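These protein sequences, in sequence, are chains R and G.
Oh and the first sequence: position 140 is 140 in full-length UniProt numbering, straight run, nothing missing.
Oh and the second sequence: position 466 is 466 in full-length UniProt numbering, straight run, nothing missing.
Here is the structure we will look at.
2 protein chains.
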Amino acid sequence: MSQVLREHAFGMLTAGMFTRAVARECNGQKHPFTEVIKANIGDSHAMGQKPITFLRQVVALCSFPELLNSPSFPEDAKQRARRILQGCGGQSLGSYSASQGVDCIRQDVAVYIEQRDKGVPADWDNIYLTTGASDGIVSILKMLVSGQGRSRSGVMIPIPQYPLYSAAISELEAVQINYYLDEDNCWALDINELHRAYQAAKEHCHPRVICIINPGNPTGQVQSRKCIEDVLHFAYEENLFVMSDEVYQDNVYSPDLQFHSFKKVLYEMGPEYFNTVELASFHSTSKGYSGECGFRGGYMEVLNLDLEVKAQLVKLLSVRLCPPVSGQAAMDVIVNPPLPHEPSYLQFHKEKSAVLGALAEKAQVTEQTLNTVPGIKCNPVQGAMYAFPRIFIPPRAVEEAKSLGMSPDMMYCLRLLEETGICLVPGSGFGQREGTYHFRMTILPTTEKLKVLLEKLRDFHIKFLKEYASLEEPKR
Amino acid sequence: MSQVLREHAFGMLTAGMFTRAVARECNGQKHPFTEVIKANIGDSHAMGQKPITFLRQVVALCSFPELLNSPSFPEDAKQRARRILQGCGGQSLGSYSASQGVDCIRQDVAVYIEQRDKGVPADWDNIYLTTGASDGIVSILKMLVSGQGRSRSGVMIPIPQYPLYSAAISELEAVQINYYLDEDNCWALDINELHRAYQAAKEHCHPRVICIINPGNPTGQVQSRKCIEDVLHFAYEENLFVMSDEVYQDNVYSPDLQFHSFKKVLYEMGPEYFNTVELASFHSTSKGYSGECGFRGGYMEVLNLDLEVKAQLVKLLSVRLCPPVSGQAAMDVIVNPPLPHEPSYLQFHKEKSAVLGALAEKAQVTEQTLNTVPGIKCNPVQGAMYAFPRIFIPPRAVEEAKSLGMSPDMMYCLRLLEETGICLVPGSGFGQREGTYHFRMTILPTTEKLKVLLEKLRDFHIKFLKEYASLEEPKR
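Structure representation (structure tokens):
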């Protein structure tokens, strides 16, 4: 097996490097496929999604303000750009912003949150613009676990989880506390499992934080309001800091489900909760309908942060000076899109609906097709951008993988990649219950390509099952 | 004294926050000034410097590729933009790049370095694009000190230094090893002082890294070729990793001085050095003539990195996914500016020369004016963007500051800010020899404003000296 494919599967290579390397290899060595189909990273534009015109118009206007005189740009885009530039030192994207972000953009974020949450008050003093959501997540974790003595702070994370969390926890030398999502129940968060994990962890560390990803990555579930309330009640009782990763808040596909923000639910639980539970929630330009990963835009909102901790946070953030200002501008458009009476509204609305409509369709196609394959079982993709199906791996394949020193789903994904050119991520990278195997695939390829992918995957899986079922007992 | 001013002086507030807060205060409370003049941060555009047209054209074209059809953009800007977009997934700035950065931009950086260093070979595999230079500096430090056991790794840094270094070292729980620059010799790096610091530190830690800032921040000196050779020889002998912060490489004002890159000097010392000394050098979009801080663009070049360490670095960088792609595009323009035969050359050259010419003039005005003030002594501002003059603070003022629990130069700067609206940074934030006092001021205000600043500063200083000289002995 080639080094490039291997390294990639082990997460050592990223998007561009991988494509280049595989292309190089395809020229040199022979692979039994002509095209690599990447369904491993939530990288919408790389998979062919087009940018939202209005967002890019605003960023271009901010970048080159001479365009404000151009008749080919709509007035609402110009108005957004002028406002952002007025918030920048020297009216330039090239100035450092405050490390919390440009004031007027933070104000727009607060207004957006109030509207999203049907009037729950949002104070822009609690809004921090970030370099993507990851930056905010790592900063908050850093602050909390250093504040409490590194070796003793425990952080509760879902399993499966987006590996940013486990990586950050390990780097900060905090204790990772796993709570397992309920695969048999559409990956729902089970409050009893939270209690179990908490009680077990209390023996050897000081649980301080609980992280939730809603809608889920890699699991695609959308949390119910009741479940969020349970989690918040639990956090209140146990005095846990709640980190709610809500970067997929616009990505809900099941018509009977709805995104509820942790903050809104907390508010509705009454002032005893709303004024005490420490909460940080995260959003980003990278997902949703815009898919602007490269701009590294994002924000976080914090609630009930201790004043001293807040001062520490500002200090911590000031070391990286400021988040990229063009990413801040992109974030502004997402929280402050064209209104119905504005000239760009129709086109914006059309583009947004097209992206979200296509994703909803692909979510369904993916789930349905995967469930026709013997030995694959896929929960509904209710939200986010991923399916995380369970795959049956025959015992002989499991043994072979073990003898090769790799996890069985890793071997599965590597073989899939080598034989079909389809690039997925093994479930073991996200965590899974002992003895179960999964992969994560994005629903981002175009519908056409996605169908090809699913067909190839089905054929591969059936062949894989056959191969390992028909093998004789290895000679001893 | 107001909380805002205090907090700012203590480094708790950053650019935008400060301006807003002071404006608010100016409305409410009464200050004996009508305008705050900020000379505390190297934030060119905020101080009125205009963006380089060509750079912004390329970024705008990349952001909104429809503009590639517009006749109002020059062909060379379009060609740059097309090339960058071809290097992006889905030809969009909105895709994640590889965590090392967009390939073709890294190639352009390598070509730039080869030209800058008169043919010394540069391999683009050694180039990493970063989120400003800070990101690269922190990443390299993180990798090195964790690789060697945190509590034992020592990092040699100049004093005075840009406080990013001390902050990162402290956060990583490494040992800070101070080597003092020679103020009496234009802040030159003294090789004997390096030996002294190293020998003393060896007693209690394992010195692993030496950091150099050239041209100097906050000290503005430009290092001689001979001195660089001495440092590299020292690093070779003592097996130290060299981190050379060269973000001011375009900011050299003394006509008889020249920037020498550490890499070029290392090359000229012969293969025994060039193939063994571990080196990382850093550059950025934020300084030079472009002053594009907000884009958070930068790169680093590494040499002789252990392969395993390199793999670790890639892993570390992949956690932050990728540097902002529009910052990468800005970096590309800086390393790949218009050539003499291209349509944008004349305007680009004119704008670049105007910025650098004005800075050179202001460097001279600052030094000369400060040296006319009794009790202030300023070395020539040979490069970078700062003066770091030594100020005489009368013993009675020193005592008063101590009784207030603050450093004397902090008290000085706070009073300056309160009485004149001039915002500087106390030398104690950068480190200085015991019993000496300094401040750092940028040379970034417009020439006109800079002259006002220097005049007000002179008046303040004279008044300050008088006040503390004429005080009676405090009653006991």
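Where is the CB? At the ideal position from N, CA and C, for every residue including glycine.
Being a predicted model, the structure only gives us computed values, none of them experimental.
Considering Cα atoms alone, identify which of the options is closest to residue i.
i: H45(R); options: W124(R), I334(R), Y289(R), R458(R); result: Y289(R)
i: V319(R); options: V36(G), E448(G), A133(G); result: A133(G)
i: K118(R); options: Y162(R), N239(R), T285(R), K264(R); result: K264(R)
i: I213(R); options: C205(R), V222(R), D306(R); result: V222(R)
i: S326(R); options: V36(R), Q57(R), G48(R); result: Q57(R)
i: M291(G); options: C205(G), H206(G), I41(G), P121(G); result: Note that residue 291(G) is Gly in the sequence shown, not Met. Of the candidates C205(G), H206(G), I41(G), P121(G), the one whose C-alpha sits nearest the C-alpha of G291(G) is I41(G).
i: R196(G); options: E237(G), E351(G), N178(G), E183(G); result: N178(G)
i: R440(G); options: P395(G), L370(G), E455(G), E400(G); result: L370(G)
i: residue 544(R); options: K402(R), G405(R), E434(R), L454(R); result: The structure shown does not extend to residue 544(R), since chain R is modelled only from 1 to 476, so the question has no answer here.
Pick helix, strand or coil for residue i, following the three-state DSSP scheme.
i: L279(R); result: strand
i: R24(G); result: The predicted position of R24(G) is uncertain, since its pLDDT is 48 and thus under 50; a value taken from the coordinates is nonetheless stated next. If DSSP states are grouped into helix, strand and coil, R24(G) belongs with the helices.
i: D256(R); result: coil
i: K463(R); result: helix
i: H31(R); result: coil
i: K362(R); result: helix
i: C378(G); result: coil
i: P426(R); result: strand
i: T131(G); result: strand
i: Q432(R); result: coil
i: R150(R); result: Any reading at R150(R) needs caution, since the residue's pLDDT is 47, under 50, leaving its predicted position unreliable; the model's value is listed next. In the structure shown, R150(R) sits in a helix (DSSP, three-state: H, G or I).
i: G11(R); result: Reliability fails at G11(R), whose pLDDT of 46 lies under 50, so the model's placement of it is uncertain and the value that follows must be treated cautiously. DSSP places G11(R) in coil when its eight states are reduced to three.
i: V36(R); result: coil
i: L181(R); result: coil
i: V84(R); result: This sequence places Ile at residue 84(R); Val is not what is there. It is helical.
i: R440(G); result: strand
i: L356(G); result: helix
i: R56(R); result: helix
i: Y248(R); result: coil
i: H341(R); result: coil
i: F73(R); result: coil
i: G383(R); result: strand
Under 8 Å by Cβ, that's how I've got residue i and residue j pegged, so tell me the actual separation to the nearest angstrom.
i: Y437(G); j: G427(G); result: 6 Å
i: A387(R); j: G220(R); result: 6 Å
i: residue 477(G); j: P338(G); result: Any answer about residue 477(G) is impossible in this case: the structure gives chain G only from 1 up to 476.
i: P207(R); j: G431(R); result: Rounded, the Cβ-Cβ distance is 18 Å, inconsistent with contact.
i: L257(R); j: L266(R); result: With 8 Å as the limit, L257(R) and L266(R) do not qualify as a contact, their Cβ atoms being about 20 Å apart.
i: E246(R); j: F282(R); result: 6 Å
i: I157(G); j: Q176(G); result: 6 Å
Interface residues of chain G around residue i at Cβ under 7 Å?
i: G291(R); result: G94
i: R296(R); result: P324
i: G327(R); result: P324
I want to verify the contact list: residues of chain B whose CB lies under 8 Å from the CB of residue i, in sequence order.
i: H341(G); result: Going by chain labels, chain B is absent from the structure shown, which instead holds the protein chains R and G.
Does the separation of the CB atoms of residue i and residue j fall below 7 Å?
i: R225(G); j: H260(G); result: yes
i: A174(R); j: V138(R); result: no
i: G94(R); j: G294(G); result: yes
i: I391(R); j: I376(R); result: yes
i: C104(G); j: A81(G); result: no
i: Y128(G); j: V335(G); result: no
i: T442(R); j: A167(R); result: no
i: T131(G); j: P323(G); result: yes
i: N185(R); j: A384(R); result: no
i: Y299(R); j: A397(R); result: no
i: P74(G); j: S353(G); result: no
i: A330(R); j: L67(R); result: no
i: P395(R); j: A401(R); result: no
i: M243(R); j: C211(R); result: yes
i: A201(R); j: G154(R); result: yes
Chain G partners of residue i, CB-CB under 8 Å?
i: D108(R); result: By Cβ distance, chain G contributes nothing, its closest Cβ being about 15 Å from D108(R), past 8 Å.
i: Q57(R); result: F64
Starting from the beta carbon of residue i, find every residue of chain R whose beta carbon is closer than 7 Å, and list them in chain order.
i: H45(G); result: G89, G90, S92, G94, S95
Can you name the residues of chain R whose CB is closer than 9 Å to the CB of residue i?
i: S134(G); result: V319, R320, L321
i: I376(G); result: The premise fails here: I376(G) is roughly 28 Å from chain R at the closest Cβ pair, so nothing lies under 9 Å.
Please list, in chain order, the chain R residues whose beta carbon lies closer than 8 Å to that of residue i.
i: L164(G); result: V319
i: T131(G); result: T131, R296, R320, P324
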